[in-house]
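Down below is the structure, laid out as structure tokens.
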Amino acid sequence: MEERKERRLRIKWTPNVNKKFNEAIRRLGEKATAIPILEYMNVPQLTRKQVENRLQQYRDRMT
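In terms of this note's numbering, the sequence shown opens at residue 143 and continues consecutively.
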């Protein structure tokens with residue numbers, strides 16, 4: 143029996159979502175983790191994993 147994983151909807155990082163992400167980083171600090179950022183952003187259907195990926199991209203660009 144094959145298990146199926148429920149696929150999450152892809153979230154398009156619109157300028158508005160990106161603005162919320164950047165604002166969360168400014169408010170919470172450079173060392174912020176995904177969960178507080180996700181809670182601050184309050185974007186429906188956005189997952190912790192998606193924020194983690196974006197945060198990694200952000201940190202890679204900053205180095």
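Ideal placement from N, C-alpha and C gives every residue a C-beta, glycine not left out.
Item, Value
"So, using beta-carbon positions, are Arg169 and Leu180 closer together than 9 Å?", "no"
"Can you give the beta carbon distance from Ala176 to Leu197, rounded, assuming they're within the 8 Å contact cut?", "6 Å"
"Residues in its own chain within less than 6 Å of Val193 by CB, not counting five upstream and five downstream?", "Ala176, Ile179, Leu180"
"Thinking C-beta only, is Met204 closer than 9 Å to Glu165?", "no"
"Look at the Cβ atom of Tyr182, then the Cβ atom of Lys161, and state whether they are nearer than 9 Å.", "no"
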